[in-house]
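Okay, so here's the structure we're looking at.
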Amino acid sequence: MALEPQIMMETTFNVIYLIYICVIVILMSKNMSKVSEKEVATAKKIRLAFLSLFIGDLGHVGARLIAIFSGDLELNYIVLGIGTLFEMVGLIFVFMFFTDAWRVHFDHQNSLLFKALIGVGIVGLIIFVFPQNQWTAQTAPYEWQVIRNIPWVIQGIALSLLIFRDAKAAGDKQLIRIGIYIFISFFFYTPVLFFGELAPMLGMLMIIGTVIYMLWEYTSYSRFFKKKE
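Right, here's the structure in full:
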């Protein structure tokens, strides 16, 4: 079965990324005992965030592999739709857990911003339930592809700014980088989310965005889970 070069490249990269994030989550679990006592709660929430990302991407990448090799077009639409839903639910939970990590780490116990961002995530999950999403259709309505992506974009950009602000005040260089990585990733994801249907080649930007996510994941691991000498 001949595959288009772009599809082959994206799928291969996605599989490599999936293995990478799996290793990161395993290392986080293995090194939890090395986390300083005052940061254990933060570290556990960060691990949950990346576990959510792994599960979501596992559904997405698994669906793409099934679709590529099944040869059944009708089945492909169903599987790809379910995979996309998995991925988007995973993304919502990534930012919910990471927002909670921000709240705990910087001691924003009664933060209205925290409650607002969790609320945005819940709204995002509710949006996914609407039948207008047409998850298993050949092509979902463009306006609903945009609508369902708005909540996690808001979550991510807002969280990146909050992390950057508080990390800069604390002089924490690694957390400053994490805030920057999250923010920059949206420069590559949002064009694909909102205009990918109009210009499919924009999908290549997802690879750059994913590399930035890999930097975010590794920096999070290095900051909280690697024993400081």
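In our numbering, the protein residues as written are 222 to 450.
Built from N, CA and C at the ideal position, the CB exists for glycine as well.
Every value quoted in this text rests on a predicted model; they were computed, and no experiment measured them.
### Task
Whole angstroms is fine: what's the gap from S291's alpha carbon to V300's?
10 Å
### Message
Quick test of the definition: if touching needs 3 or more C-beta pairs under 8 Å, does the segment 400-420 touch the segment 366-383?
### Response
Segments in contact, yes.
### Message
Going by C-alpha to C-alpha distance, which of M427, L396, L414 and A388 sits closest to T232?
### Response
M427
### Message
Taking 6 Å as the limit between beta carbons, can you name the residues of its chain near Y410, skipping five residues before and five after?
### Response
For Y410, the CB contacts under 6 Å within the same chain, skipping 5 residues up- and downstream, are G430 in chain order.
### Message
Give me the residue from V236, F416, S381 and N235 with the minimum Cα distance to V315.
### Response
S381
### Query
Could you give the distance in angstroms between the alpha-carbon of I339 and the alpha-carbon of D321?
Those two C-alpha atoms are separated by around 9 Å.
### Query
Does the segment 300-309 touch the segment 244-254, meaning 3 or more C-beta pairs lie closer than 8 Å?
no
### Message
I need the straight-line Cα distance from Y363 to R285, nearest angstrom please.
### Response
Answer to the nearest angstrom: the Cα atoms are 20 Å apart.
### Message
I need the DSSP call for E258, collapsed to helix, strand or coil.
### Response
Three-state result, E258: helix.
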